[in-house]
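In order, the protein sequence lines correspond to chains A and B.
For the first sequence, counting from 1, position 303 maps to 303 in my numbering; every step adds exactly one.
For the second sequence, counting from 1, position 31 maps to 1031 in my numbering; every step adds exactly one.
Even glycine gets a Cβ: it sits at the ideal position worked out from N, Cα and C.
Predicted model only: the values in this text are computed from it and were never measured.
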Amino acid sequence: MDKDDTLTRGEAKSAAETMTGAQMVIRALRDQGVTHIFGYPGGAVLPIYDALFKVEGITHVLVRHEQGAVHAAEGYARSTGKPGVVLVTSGPGATNAVTGLTDALMDSIPLVVLTGQVPTHLIGTDAFQECDTVGITRPCTKNNWLVKDVNELARVLHEAFEIATTGRPGPVVVDIPKDVQFQSGAYHGPHAIHHRTWRPKTDPDRELVAKAVEMMAAAKRPLIYSGGGIINAGPEASRLLRELVDLTGFPITSTLMGLGAFPASRPEWMGLVGMHGTWESNHAMHDCDLMINLGARFDDRVTGKVSAFSPGSKKIHLDIDPSQINKIVRVDLGIVGDAAKALREMIRVWKAGRYQVQAESLKAWWKQIDTWRAKKSLSYRNSETIIKPQYAIDRLYELTKHRDDVFVTTEVGQHQMWAAQRFHFQQPNHWMTSGGLGTMGYGLPAAVGVQMAHPKALVIDIAGEASVQMTMQEMSTAMQYDLPIKIFILNNEYMGMVRQWQEILHGKRYSHSYSEALPDFVKMADAFGCVGLRADKPAELDDKIKEMISVNRPVLFDVRVDPAENCYPMIPSGGAHNEMLLSPDDGGAISDAGKMLV
Amino acid sequence: MHDTKVKADNEVERHTLTVLVDNEAGVLARVVGLFSGRGYNIESLTVAEVDPMARTSRITIVTSGTMHVIEQIEAQLKRLVPTHKVTNWTDTRDGAKAGIEREMALVKVAGTGEKRVEALRMADAFRARPVDTTQSSFVFEITGSPAKIDSFVDLMRPLGLVDVSRTGVAAISRGPEAM
Chain A
1 MDKDDTLTRG EAKSAAETMT GAQMVIRALR DQGVTHIFGY PGGAVLPIYD
51 ALFKVEGITH VLVRHEQGAV HAAEGYARST GKPGVVLVTS GPGATNAVTG
101 LTDALMDSIP LVVLTGQVPT HLIGTDAFQE CDTVGITRPC TKNNWLVKDV
151 NELARVLHEA FEIATTGRPG PVVVDIPKDV QFQSGAYHGP HAIHHRTWRP
201 KTDPDRELVA KAVEMMAAAK RPLIYSGGGI INAGPEASRL LRELVDLTGF
251 PITSTLMGLG AFPASRPEWM GLVGMHGTWE SNHAMHDCDL MINLGARFDD
301 RVTGKVSAFS PGSKKIHLDI DPSQINKIVR VDLGIVGDAA KALREMIRVW
351 KAGRYQVQAE SLKAWWKQID TWRAKKSLSY RNSETIIKPQ YAIDRLYELT
401 KHRDDVFVTT EVGQHQMWAA QRFHFQQPNH WMTSGGLGTM GYGLPAAVGV
451 QMAHPKALVI DIAGEASVQM TMQEMSTAMQ YDLPIKIFIL NNEYMGMVRQ
501 WQEILHGKRY SHSYSEALPD FVKMADAFGC VGLRADKPAE LDDKIKEMIS
551 VNRPVLFDVR VDPAENCYPM IPSGGAHNEM LLSPDDGGAI SDAGKMLV
Chain B
1001 MHDTKVKADN EVERHTLTVL VDNEAGVLAR VVGLFSGRGY NIESLTVAEV
1051 DPMARTSRIT IVTSGTMHVI EQIEAQLKRL VPTHKVTNWT DTRDGAKAGI
1101 EREMALVKVA GTGEKRVEAL RMADAFRARP VDTTQSSFVF EITGSPAKID
1151 SFVDLMRPLG LVDVSRTGVA AISRGPEAM
């Protein structure tokens, strides 16, 4: 085991300072460069809150529910590349954080979540606000710790940051009993701390990368399938991905989590892949002869029916997490490593070896892709009397695309898929959505976190009226910290995706998917003290969107959309990529009349 | 055409895995939780600290599944933060040497007369040694492969088998190298 860079016990002791556990927490956060904490106080974290009182350089954001704290930290982390930090109390504070932890684990978001715990002598006695936090959060964290000795606290805190941010990122929990927060012990800084076992492999094997380059040069119908791993590897990985496409001219598609890594404005971009992906992306994935998976995990939303998934292709899979390779789909070449490092090496080998693509075949492949594109699978029938949700997102995009500081978060459902299809991202870290877990209620608090990190930016939560009610209370947080987040609610009065599945798969029996009593969102905005807007007609949408953008305050915008609209294209669950539905009356190409094309 | 699908080989195999982990609170729960959470089987589990200086524990797990599942189990175990090393003693595809697997059991047999004499005779043949004797019972200690212990227990059944306590498998590699 490599211990060279770890201080010996004697050295660490001499470098140590004495302070209370609570002070250590604040000091460790400072030493880790933390500037924002999302939290909610309670009995078991009062000493830490006391140490936080009037601390300079760390902004604490008081949320209204612990789930909101975790999602806000996720939005913060995803939009900055830095770990998100959460501070909550024991018992319900910890259990309320569980949804956010699971969400962050599924989407590989680095979070350090600090939970208070009852004092050590009360652990196991069913004390007030006691719960087995490490037991409950074990399956929804990358790692977690219960710290019973104040002299272990500094080490654990620094290890927590190391584990959360290195290798495949993820959430960690440090559970700190109240007596440990009061006790005095030795603090040492992050330079002295290195986890004794955790050594993620980030350097890819060069001979595997060389082999990948050979496969790419030999490919006749190649396709790049990029994922959230490119985003997590940092902006450099996105830059290198662009360079790789410059070199090869290969077509590229992306998962939901990978949007923005490659600019949607470029001709090689085919749009989203998977269940609600474009006709061209899914058909290209089905028919390609080489699939280059860069930081994606063959999620079931992408693969559809695994036995019919891209049957004729060889597959390369780059992932930082070795357990993802051959998990769902058996690949021909698995490369374990950091995406930026692997891409850099790939480009180096390609250039050094003067590799060339199969130009003739690639040309024919592009021709085929263009015929799929001609299907214009994202088109829809617009209306002059009722706002179509697709139209609302198109207008939002058109009226904001001149800015490069637009951050979009979403809730979960139809609106999320429409946003992924139609809001075109040019840069990484500007798209925050709950992909793996599919957490309704993610978008509003995530927007709070994003706006906290980017005070001047335009932060929009593209929401549904059902999802947004799950964490609506965080509007109060936005008000408290003057965060001008824009909640763009596509209000169709239904849990739209549930309704869509009930229509297609359950004989139009809309069992409990209609909200018969909805709040008046404009009055609700008024109650929160923010700005409420409503649009009922397509003609008034543009002006209202402009108003939403121009007002420098939080906005709840109730966009009343067609309640019956469904999200297409769609691969019905269990279907293959070449079995997509394009519209409710799917019978081939949609006619030109009365349609608005994208 | 290359087969892209996960191997359709549905044959369930039994594998013995050893996981070397940091001996810290909750690490066993993390390993066991991984098995229950992902729907893997545990047929036996043996765990003890093996190096107090390095604070490492050795967990030996006998599990069963298709080869694809076994590969996933190994990958998921390696992914745990406190895991140092994972070794599969059953999978010798990459030229790895098979390990030695041993299990210990305490087997209680009660009875008198002919059956009692026969039990003692059988125990002798299996090199099981009586560690507790009364006029109407024996407790035998037996060590060997799980299959050997299975046969011994089967033989004791008609001779008055009362109780069995098994340790689960411990495994180690042959030759001079560590796991």
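Separation of residue j from residue i, as counted between CA atoms
i, j, result
"A:GLY138", "A:PRO41", "Before going on, a small fix: residue 138 of chain A reads as Arg here, not Gly. So the alpha carbons of these two residues sit roughly 23 Å apart."
"A:LEU111", "A:GLU214", "38 Å"
"B:LEU1020", "B:GLU1118", "42 Å"
"A:ARG560", "A:PRO538", "10 Å"
"A:SER463", "A:VAL412", "Here residue 463 of chain A is Ala; the residue named in the question, Ser, does not match the sequence. So the alpha carbons of these two residues sit roughly 8 Å apart."
"A:LYS659", "A:LYS341", "Nothing can be reported for residue 659 of chain A, as the shown portion of chain A is limited to 1 through 598."
"A:GLY588", "A:TRP279", "Low confidence applies to A:GLY588: its pLDDT is 40, below 50, so where it sits in the model is not reliable enough to give any reading."
"A:GLY334", "A:PRO47", "48 Å"
"A:ALA28", "A:LEU378", "49 Å"
"B:VAL1006", "A:ASN326", "Interpretation of B:VAL1006 is limited by its pLDDT of 47, a score under 50 that renders its predicted location unreliable; the figure taken from the coordinates is listed afterwards. The straight-line gap from Cα to Cα measures roughly 7 Å."
"A:LYS315", "A:ASN293", "7 Å"
"A:PRO572", "A:GLY438", "18 Å"
"A:VAL329", "A:GLY507", "33 Å"
"A:VAL604", "A:ILE224", "The first residue shown for chain A is 1 and the last is 598, placing residue 604 of chain A beyond what the model contains."
"B:ALA1110", "B:VAL1162", "6 Å"
"A:ALA284", "A:ARG422", "19 Å"
"B:ILE1073", "B:THR1016", "11 Å"
"A:ALA419", "A:VAL113", "30 Å"
"A:GLU668", "A:CYS288", "The question about residue 668 of chain A has no answer here: the residues shown for chain A are numbered 1 through 598."
"A:THR248", "A:LYS401", "28 Å"
"A:GLU243", "A:ALA237", "10 Å"
Contact set for residue i: own chain, Cβ-Cβ below 8 Å, skip 5 residues either direction
i, result
"A:PRO599", "The structure shown does not extend to residue 599 of chain A, since chain A spans only 1 to 598, so no value can be given for it."
"A:GLU503", "TYR510 and ASN566"
"A:MET24", "VAL150, LEU153, ALA154, LEU157, GLY185 and TYR187"
"A:GLY43", "THR89, SER90, GLY116, PHE128, GLN129 and LYS178"
"A:VAL555", "PRO484, ILE485, LYS486, ILE487, ALA525, CYS530, VAL531, GLY532, LEU533 and MET548"
"B:ILE1042", "VAL1032, PHE1035, ILE1061, VAL1062 and THR1063"
"A:SER591", "Low confidence applies to A:SER591: its pLDDT is 36, below 50, so where it sits in the model is not reliable enough to give any reading."
Cβ neighbours of residue i in the same chain (closer than 6 Å, five flanking residues each side left out)
i, result
"A:GLN427", "GLY260"
"A:TRP431", "LEU259, GLY260, VAL408 and PHE425"
"A:VAL683", "Residue 683 of chain A lies beyond the residue range present for chain A, which begins at 1 and ends at 598; the question has no answer from this structure."
Limits of the beta strand (DSSP E) - the one that residue i falls within
i, result
"A:THR133", "Looking at the DSSP string, A:THR133 is not in any beta strand (DSSP E); the run it does join, the alpha helix (DSSP H), is 133 to 137."
"A:SER108", "Where A:SER108 is concerned, there is no enclosing beta strand (DSSP E), given that its DSSP letter is neither H nor E."
"A:TYR225", "222 to 226"
"B:GLY1065", "1056 to 1065"
"A:PRO600", "Because chain A here runs from 1 to 598, residue 600 of chain A falls outside it and cannot be looked at."
Reference residue i; option with closest CA among the options
i, options, result
"A:GLU17", "A:HIS317, A:THR439 and A:ALA192", "A:ALA192"
"B:VAL1165", "B:SER1044, B:SER1036 and B:MET1067", "Checking the displayed sequence, the identity of residue 1165 of chain B turns out to be Ser instead of Val. When each option's Cα is compared against that of B:SER1165, the closest is B:SER1044."
"B:GLU1103", "B:SER1173, B:GLU1013 and B:PRO1146", "B:PRO1146"
"B:SER1173", "B:ASP1150, B:ILE1100, B:ARG1157 and B:LYS1108", "B:ILE1100"
"A:HIS577", "A:TRP372, A:ALA308 and A:THR471", "A:ALA308"
"A:GLY167", "A:ARG381, A:GLN324, A:GLU579 and A:PRO584", "A:GLN324"
"A:SER434", "A:ARG206, A:ILE26 and A:MET106", "A:MET106"
Heavy atom of the ligand ADP within 7 Å of residue i beta-carbon
i, result
"A:MET452", "The ligand ADP is absent from the structure shown, which contains no ligand whatsoever."
Residue interval of the alpha helix (DSSP H) (run including residue i)
i, result
"A:TRP350", "339 to 352"
"A:VAL459", "Where A:VAL459 is concerned, there is no enclosing alpha helix (DSSP H), although the beta strand (DSSP E) it sits in stretches over 458 to 464."
"B:TRP1089", "First-last for B:TRP1089: undefined, no H or E at that position."
"B:TYR1040", "Per DSSP, B:TYR1040 belongs to no alpha helix (DSSP H) and is neither H nor E."
"A:LEU362", "359 to 373"
"A:ILE549", "538 to 550"
"B:ILE1149", "1146 to 1156"
"A:ILE393", "389 to 398"
"A:LYS54", "That residue, A:LYS54, is in no alpha helix (DSSP H); it is neither H nor E in DSSP."
Sequence-distant residues of its chain with Cβ nearer than 7 Å to residue i (five each side left out)
i, result
"A:VAL209", "ILE335, ALA342, GLU345, MET346 and VAL349"
"A:TYR49", "PRO41"
"B:THR1083", "VAL1019, VAL1021 and LEU1077"
"A:THR8", "Low confidence applies to A:THR8: its pLDDT is 47, below 50, so where it sits in the model is not reliable, and the reading given next is rough at best. Here the set comprises nothing."
Is the segment 262 to 282 of chain A close to the segment 291 to 304 of chain A, with three or more CB pairs under 8 Å?
yes
Indicate whether the contact test is met: 3 or more Cβ pairs, each with one atom in the segment 1166 to 1178 of chain B and one in the segment 1122 to 1140 of chain B, closer than 8 Å.
Judged by Cβ distances under 8 Å, the segment 1166 to 1178 of chain B makes no contact with the segment 1122 to 1140 of chain B, as fewer than three pairs qualify.
Count the C-beta pairs between the segment 439 to 454 of chain A and the segment 467 to 483 of chain A that are closer than 8 Å, then say yes if the count reaches three, no if not.
yes
Is it the case that the segment 192 to 203 of chain A contacts the segment 69 to 76 of chain A, given that we only count it when at least three CB pairs across the two stretches are under 8 Å?
no
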